[in-house]
Amino acid sequence: MRPVIDTISQSISAAIEKATGQKDASAMVTPATDAKFGDYQSNAAMGLAKQLKTNPRQLAEKIIAELEIDDICQEPEIAGAGFINLRLKSDFVAESLLKIKADKKLGIEKVKKPRTVVVDFSGPNIAKQMHVGHLRSTIIGDCICRMLELAGNKVIRQNHIGDWGTQFGVLVQHLYELSVFKKEDENLQSLEEAIDTLSIEDLEVFYREATEQYNLDDTFKKQARKRVVELHTHSEPLTLKLWEHIVDESRKNYQFIYDILGINLHKENERGESFYSEKLAGIVEDLKKLGLAEKSDGAICVFPEGFKNKEGEPLPFIIQKSDGAFLYATTDLAAIRYRINELKADKIIYVTDARQKLHFEMLFTVAKQAGWAKDTELVHITFGSVLGEDSKPLKTRSGENVKLKELLDEAVKRARGVVEEKNPDLSEDEKEKIARAVGIGAVKYADYCNNRTSDYIFSFDKMLAMDGNTAPYMQYAYARIKSIGRKGEEKGINIEKELKIVKKPYLGEDAELALAKQLIRYGEAFNCAIADFKPNFLTAYLFELAQKFSAFYNACPVLDASEDIRPTRLLLCELTAATIQHGMEDLLGIETIKRM
RNA sequence: GCGCUCGUAGCUCAGUAGGAUAGAGCGUCGGUUUCCUAAACCGAAGGUCACAGGUUCGAAUCCUGUCGGGCGUACCA
20 MRPVIDTISQ
30 SISAAIEKAT
40 GQKDASAMVT
50 PATDAKFGDY
60 QSNAAMGLAK
70 QLKTNPRQLA
80 EKIIAELEID
90 DICQEPEIAG
100 AGFINLRLKS
110 DFVAESLLKI
120 KADKKLGIEK
130 VKKPRTVVVD
140 FSGPNIAKQM
150 HVGHLRSTII
160 GDCICRMLEL
170 AGNKVIRQNH
180 IGDWGTQFGV
190 LVQHLYELSV
200 FKKEDENLQS
210 LEEAIDTLSI
220 EDLEVFYREA
230 TEQYNLDDTF
240 KKQARKRVVE
250 LHTHSEPLTL
260 KLWEHIVDES
270 RKNYQFIYDI
280 LGINLHKENE
290 RGESFYSEKL
300 AGIVEDLKKL
310 GLAEKSDGAI
320 CVFPEGFKNK
330 EGEPLPFIIQ
340 KSDGAFLYAT
350 TDLAAIRYRI
360 NELKADKIIY
370 VTDARQKLHF
380 EMLFTVAKQA
390 GWAKDTELVH
400 ITFGSVLGED
410 SKPLKTRSGE
420 NVKLKELLDE
430 AVKRARGVVE
440 EKNPDLSEDE
450 KEKIARAVGI
460 GAVKYADYCN
470 NRTSDYIFSF
480 DKMLAMDGNT
490 APYMQYAYAR
500 IKSIGRKGEE
510 KGINIEKELK
520 IVKKPYLGED
530 AELALAKQLI
540 RYGEAFNCAI
550 ADFKPNFLTA
560 YLFELAQKFS
570 AFYNACPVLD
580 ASEDIRPTRL
590 LLCELTAATI
600 QHGMEDLLGI
610 ETIKRM
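Pasting the structure below:
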């Protein structure tokens with residue numbers, strides 16, 4: 020189903036062409052800035068008048084004279100400098116409601132040309148727990164995937180886990196040296212059993228200890244490097260086994276977090292650094308052959324066009340260190356080739372924090388210069404940092420990264436407190452279920468509702484507030500609608516049947532019409548959100564919907580309404596619930612709850 | 001130094017392509033409950049859009065400069 024705004028835009032563009040002969044002129048249609056101006060406005064006449072050196076109001080008159088839109092809108096009005104104001108006919112709104120009702124996707128339309136889109140997001144580090152620094156990439160990336168999929172694209176999720184590099188040689192060597200393994204060090208079976216008892220917390224401690232030792236102890240350093248070589252060459256089964264165990268143990272941690280957060284990422288989405296490790300030398304060779312890579316200060320570098328350092332000299336993109344090791348630049352290049360050649364990507368999206376902007380600009384330039392990404396669109400989607408109440412990056416009191424598990428546990432705990440207070444009579448199971456949905460939902464929703472590109476201040480109190488643009492507010496709106504349904508059934512109202520008999524919704528009350536107009540704009544909001552991958556457009560839409568529903572709920576009794584208007588009101592409830600549910604669950608991956 | 005990015009109400013933030021009197025939430029003040037969940041609703045006050053120029057019929061938005069914050073800037077990712 021096509022969004023109204025698109026239909027209006029097309030009509031106006033056509034009218035402009037008839038009035039002026041200008042082809043493909045932008046209709047400049049936006050939602051009205053103020054309800055008193057109507058529902059939509061076109062700002063096209065002003066810009067066009069300047070271009071054509073005529074009077075904007077007169078031009079607007081001419082456009083209106085040619086405008087064929089009376090099936091949708093009331094008589095257009097010209098206001099101010101030459102705005103064309105449009106107000107939807109309530110008959111049109113009513114018909115659209117029925118179309119939405121018949122559409123599983125509630126008015127979200129598919130793209131004309133589906134593409135294969137690779138989305139690289141989350142990317143946790145192995146041997147460490149997920150922390151707050153991974154939150155945004157993980158949930159924003161997931162939302163982007165959901166939107167692209169709903170729009171009909173083929174989406175390939177790629178989790179570029181950090182599972183390779185010197186640090187794993189260091190960690191493996193440390194594990195070898197731990198007394199618990201020493202005595203069994205010739206016995207593969209026992210060693211596997213021993214490491215099976217290691218938790219991710221143990222690994223984190225070992226990681227820290229190992230790094231310290233690496234920096235202090237030269238013998239250890241030598242051994243650790245040997246382990247790196249063993250990893251690279253697969254020459255020592257025990258070393259490989261240890262590494263695999265480390266990865267498996269880490270996966271348990273992040274898979275647990277993904278499941279809690281409702282993130283659609285699984286083992287099969289993993290293409291970590293190790294996956295590309297054997298392709299790196301080839302990358303460097305190929306770039307050398309192409310004449311793009313050269314040695315500089317001992318390192319192999321590409322100097323991509325258009326990048327300068329502090330002295331105004333070409334800026335290097337280092338693909339091999341002077342000690343021969345490869346870097347994430349090399350891995351990322353290998354990943355680009357894999358995604359284009361093997362995964363057949365038309366577009367690759369990277370979801371990382373804004374600090375990596377320069378890296379990706381250079382990476383994309385190199386890939387283009389090498390001719391590896393001729394027909395592939397490369398996009399870096401950035402986001403800001405999560406800050407604490409002190410406006411500094413969120414850390415624990417001791418200065419460590421806040422673990423995602425602890426953060427989410429705390430959110431659920433606080434939500435549980437609210438449930439206990441508001442609804443003490445619910446069963447334990449139900450309280451827990453609600454607390455989970457509200458707590459986790461609050462964290463995700465708070466992130467989504469901020470502009471992706473800016474930093475935001477993390478606050479449990481704000482995200483769990485019952486008022487304002489929060490998950491609990493949305494979930495409450497949904498629960499109230501569901502409650503109407505239950506009460507209706509209790510009263511013996513056959514809701515299914517009433518919904519079926521609505522042939523022409525009757526939108527007599529302002530609150531009904533306003534809610535209906537919001538409902539038919541879901542597809543439009545979706546298009547705005549996906550255009551720039553901005554989830555806050557979705558939350559803004561959903562919040563406005565919930566507000567309009569609340570106003571309706573207050574002004575218009577549903578179950579006690581007379582039988583001629585009750586079906587329409589039930590329909591409005593039904594569609595509001597469906598839209599909130601679709602938006603929260605299918606787009607944002609946040610649970611709705613029938614009771615709270 | 002150079003580059004990127006941000007500066008909007010007391011607070012947290014929106015602001016789609018340059019459009020009308022700059023919006024929302026919180027907080028503050030006032031009101032609403034014999035009625036489907038008041039975790040709600042309605043109303044009010046609150047602004048030099050960091051500052052100064054410029055382009056334009058029109059600028060929070062574009063350009064230049066200044067001030068202030070964050071980030072990045074050759075072998076971490």
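For any residue, its number in the working numbering is found by taking its place in the first sequence, counting from 1, and adding 19.
Backbone N, C-alpha and C fix where the C-beta goes; we use that ideal spot for every residue, glycine too.
This one's a predicted model, so the numbers in the text were calculated from it and none came from an experiment.
When the alpha-carbon of Q600 is set against those of V136, L167, K123 and T185, the nearest one is in K123. Taking 8 Å as the cut-off, the Cβ atoms of A565 and L557 do not count as close.
Sorting N573, N513, I539 and N470 by C-alpha distance to the C-alpha of N555 places N470 at the top. In this structure, Y464 is the residue among Y464, I514 and I476 with its C-alpha nearest to the C-alpha of Y560.
By the neighbour-count criterion, in which 16 or more other beta carbons inside 10 Å mark a residue as buried, H153 falls on the buried side. Take A113, set aside five residues on each side of it, and the residues of its chain with a beta-carbon closer than 8 Å to its own are K523, P524, Y525, L526 and A535, in chain order. Taken atom to atom, the span from the alpha-carbon of L117 to that of S581 is near 21 Å.
A residue is called buried once 16 or more other Cβ atoms fall within 10 Å of its Cβ, and I520, having fewer, is exposed. Using a Cβ distance threshold of 8 Å, T371 and L299 do not count as a contacting pair.
Three or more pairs of CB atoms, one per stretch, sit closer than 8 Å, so the stretch 62-70 contacts the stretch 34-49. The Cβ-Cβ distance between I609 and M603 falls below 8 Å. With respect to V385, L352 sits close: the two C-beta atoms are nearer than 8 Å. In the DSSP assignment, L105 falls outside any alpha helix (DSSP H) and within the unbroken beta strand (DSSP E) covering F102 to L105. Our two residues, T258 and G142, have alpha carbons roughly 23 Å apart in a direct line. For G507, the CB contacts under 7 Å within the same chain, skipping 5 residues up- and downstream, are I514 and L578 in chain order. Per DSSP, the unbroken beta strand (DSSP E) holding E313 starts and ends at A312 to S315. The DSSP-derived three-state label of P143 is coil. For E85 and I35, the gap between their C-alpha atoms comes out near 8 Å. In the structure shown, F379 adopts helical secondary structure according to DSSP, grouped into three states. Under the Cβ criterion (8 Å, minimum of three pairs), the stretch 24-44 counts as touching the stretch 82-102.
Straight-line spacing of the CA atoms in S404 and G418 works out to 16 Å. The DSSP-derived three-state label of S61 is strand. Going by C-alpha positions, E361 is about 10 Å away from I355.
When rounded, the separation of the alpha-carbon atoms in F571 and C162 is 30 Å. Beta-bridge pairing by DSSP links Q339 to I319 and F345. Across the structure, E531 and S109 are spaced so that their CA atoms are roughly 10 Å apart. Closest in C-alpha terms to W262, from the list S315, P323, L194 and Q232, comes L194. Bounds of the beta strand (DSSP E) holding E96 are E96 to A98. Runs of the beta strand (DSSP E) spanning 3 or more residues and lying entirely within the stretch 357-442 occur at 366-370 and 396-400, in chain order. Looking at F294, Q339 and I302, the one whose alpha-carbon comes closest to that of D316 is Q339. With at least 16 other beta carbons inside 10 angstroms of its own, T598 counts as buried. Cβ-Cβ separation between P22 and E543: approximately 4 Å, consistent with a contact (criterion under 8 Å). Comparing alpha-carbon positions, the option among K69, E80, I91 and A54 lying closest to Q29 turns out to be I91. Between Q388 and E324, the gap from beta carbon to beta carbon is short of 8 Å. Per DSSP, V521 lies in no alpha helix (DSSP H) segment and is marked neither H nor E.
A contact between stretches requires three or more CB pairs, one per stretch, nearer than 8 Å, and the stretch 264-272 fails this requirement with the stretch 297-312.
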